[in-house]
Each structure stands twice: as C-alpha cells, then as structure tokens.
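Going letter by letter, the sequence shown gives residues 43 to 192 in this note's numbering. Yeah, the Cβ is synthetic: ideal placement off N, Cα and C, and Gly gets one too. As the structure is a computational prediction, the values presented were derived from the model and not from experiment.
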Amino acid sequence: MRTPPLSLKARALRYLSMREHSRLELARKLSKYAEEGDDVDALLDLLEKNNWLSQERFSEALIHRRAARYGNSRIVAELQSHGVNGEALQELKSNLADTEIERARDIWQRKFGIVANDPQDRHKQIRFLLQRGFSQRTVQKVIKGADLDD
Numbered sequence: 043m044r045t046p047p048l049s050l051k052a053r054a055l056r057y058l059s060m061r062e063h064s065r066l067e068l069a070r071k072l073s074k075y076a077e078e079g080d081d082v083d084a085l086l087d088l089l090e091k092n093n094w095l096s097q098e099r100f101s102e103a104l105i106h107r108r109a110a111r112y113g114n115s116r117i118v119a120e121l122q123s124h125g126v127n128g129e130a131l132q133e134l135k136s137n138l139a140d141t142e143i144e145r146a147r148d149i150w151q152r153k154f155g156i157v158a159n160d161p162q163d164r165h166k167q168i169r170f171l172l173q174r175g176f177s178q179r180t181v182q183k184v185i186k187g188a189d190l191d192d
C-alpha cells in the first residue's frame with residue numbers, strides 16, 4: 043500500500059529536524075512541493091512564530107560548522123547567500139572578527155606548522171589562507187609568525 047504524500051508542514055518539520063535552515067533556503071525547498079492553494083510564506087511565518095524556524099539559530103549553526111575551516115569573508119558571504127543581512131549580519135561579523143586571527147593561526151598550524159623561509163612557500167601559505175576567506179592583515183600576521191607566541 044502506498045503512503046500518502048507529506049504535507050508542506052510535515053516536509054518543513056522533517057527538514058528542520060535534520061538541521062537548521064534559513065527562511066530563504068527552506069522556502070526554496072518547499073516551493074518544489076507546493077501545490078495550488080498552498081501558501082509557503084504563511085507556513086514559514088507559522089514556523090517562525092512557533093520558534094521552529096529561527097534565523098539566529100541558523101546563523102549560529104552555520105558559523106559553528108564553518109568557523110574551524112574558513113575566514114570571515116567566506117562565512118559572511120555564505121550567510122548573505124542564505125538571506126541573512128542587516129543588523130544581525132553586522133553583529134555576527136563583529137563576533138567573528140574577534141576570533142579571526144586565532145582561527146587562521148589554528149588552520150595554518152594544522153596545514154603547514156612552520157614559517158616559510160623561501161618566497162615560493164610563503165606565497166603558497168598566503169594563497170591558502172586567502173582562499174579560505176581570511177583578510178590580508180590577518181594572513182600577514184599569521185604568516186610572519188607575529189601571533190604564534192601569544
């Protein structure tokens with residue numbers, strides 16, 4: 043016997059039970075299954091009202107997943123792509139800025155561990171950290187070893 047198709051609310055709760063989603067991301071996923079007469083925005087408003095969908099929790103979860111591997115600019119770009127902006131984004135950026143040098147140093151330590159002596163290796167280390175989304179200033183401090191003894 044075939045099971046009946048899930049309602050939009052059931053699908054939304056299933057997605058949210060797996061991990062936190064942004065409003066924009068969940069709307070995109072649910073719109074595939076919306077039938078005529080279904081109001082995705084009203085459902086999302088209901089989920090937010092019941093605190094099942096939270097932009098703050100989503101932002102914190104994304105930062106927690108990405109902070110050990112990526113720099114501020116890459117994390118902020120991902121948050122913006124998920125529809126997080128405005129004052130909430132500015133607050134998250136300032137919180138990330140407090141730990142950027144420490145996170146960059148940890149990533150650099152795991153990948154390389156020693157300060158490069160020749161220019162080719164130094165450029166390789168710089169490119170690696172820049173591609174991870176760390177700022178020029180942070181990369182220079184980490185590569186020069188200025189913060190290694192703090």
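Hey, residue i and residue j are a contact pair by Cβ (cut 8 Å); roughly how many whole angstroms apart?
i    : j    : result
I168 : L138 : Rounded, the Cβ-Cβ distance is 20 Å, inconsistent with contact.
I136 : L121 : Reading the sequence as shown, one finds Ser at residue 136 and not Ile. Wrong, their Cβ atoms sit about 13 Å apart, outside the cutoff.
L171 : V184 : 7 Å
Report yes if the CB atom of residue i is closer than 7 Å to the CB atom of residue j, and no otherwise.
i    : j    : result
E32  : T180 : Not covered by the structure: residue 32. The range shown for the chain is 43 to 192.
V82  : A69  : yes
R201 : I117 : The question about residue 201 has no answer here: the residues shown for the chain are numbered 43 through 192.
Curious, which full-length alpha helix (DSSP H) runs of at least 4 residues does the segment 79-130 contain? Segments of the alpha helix (DSSP H) lying fully in the segment 79-130: 82-91, 97-108 and 114-123.
Does the segment 113-122 come into contact with the segment 135-147, if we say contact requires no fewer than three beta-carbon pairs (one atom in each stretch) closer than 8 Å? They touch, by the three-pair rule.
Could you tell me whether the segment 43-54 touches the segment 72-79, using the rule of 3 or more Cβ pairs below 8 Å? Contact holds: three or more Cβ-Cβ distances are below 8 Å.
Would you say the segment 114-129 touches the segment 149-161, given that touching needs at least three Cβ pairs under 8 Å? They do not touch, by the three-pair rule.
Sufficient close CB pairs (3 or more, under 8 Å) joining the segment 93-103 to the segment 56-69: With three or more CB-CB distances shorter than 8 Å, the segment 93-103 counts as touching the segment 56-69.
Run through the segment 119-186 for me and flag every whole beta strand (DSSP E) of 3 or more residues, listed as ranges in chain order. Look at the segment 119-186 and you find no whole run of beta strand (DSSP E) that is 3 residues long or longer.
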